[in-house]
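Quick notes on the structure that follows.
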Amino acid sequence: MIRAVVFDVGECLVDETREYGTWADWLSVPRHTFHAMFGAVIAQGRDYRETFQEFRPGFDLYEEREKRTAAGQPETFGEADLYVDVRPALAQLRATGLWLGIAGNQTVRAGRILRTLFSDDVDLIGTSDDWGANKPDPEFFKRVAAVVPFAADEILYVGDRCDNDIRPAREAGMHTALVRRGPWATVQWNSHEARDLPTFRIYGLLELADRIREFNGPVR
């Protein structure tokens, strides 16, 4: 029985196309070139942060975030960056009585933005910076399980990555849904993990309510 749904952030709720474009601009790299290298790094199974190293060896993402903020160009996202199905899917799931949460690898700044956008729509918003644990560290999913008022096997974690989302959430005893959008899901979609690990494979968040209803079976 699934009683709670917890969402990843980047490429699950938020389309990060514009933001990664601003990183290309910050590095003075053509956006098309940056995105091509980004995809290559992911396809090779490497950490996405290695993309920055390809253009600027020794690049420190945390330091550069601070420099961008000081220069008046902080990382940011807003309503216009949400995937179009996010708001209706949350409303649909809320209407079925499910407990909803958002939890992802995000900065304190991003957490503030998420709370501005979603505080009225979900029961919990947590970030890796809040918890001092980053996915795929099992500690992150222990934190998720600790704050959700249901057992781990009653939680559905929704994400776009097998490595960061689906595999560790499943190892934590949760159900999972892999959504096919963004670079990671597109690259990983036909892999054995993407086919075998998720409880659900979906093409959009509006599929969730029916899939959960079917999974849970008739109400008694």
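Our numbering applies: residue 1261 is where the sequence shown begins, and numbers increase by one.
A virtual CB, placed ideally from N, CA and C, is assigned to each residue, including glycine.
*Where does G1270 land, buried or exposed, given buried means 16+ other C-beta within 10 angstroms?*
buried
*asked:* Quick check on K1327: buried or exposed, where buried means 16 or more other Cβ atoms within 10 Å of its Cβ?
replied: exposed
_By the three-class DSSP mapping on this structure, what secondary structure does F1378 have?_
helix
_Can you look up G1386 in the DSSP assignment and give me helix, strand or coil?_
strand
_For a quick check, are the C-beta atoms of R1278 and D1341 less than 8 Å apart?_
yes
*For G1442, I'd like the list of residues in its chain whose CB is within less than 6 Å of its CB, leaving aside the five on either flank, ordered along the chain.*
E1271, D1420
*asked:* On the CB-based measure, 16 or more other CB atoms within 10 Å of its CB, does A1437 come out buried or exposed?
replied: buried
*Report yes or no: do the stretch 1405-1418 and the stretch 1441-1455 share at least 3 C-beta pairs separated by less than 8 Å?*
no
*Residue range of the beta strand (DSSP E) that W1359 falls in?*
1359-1364
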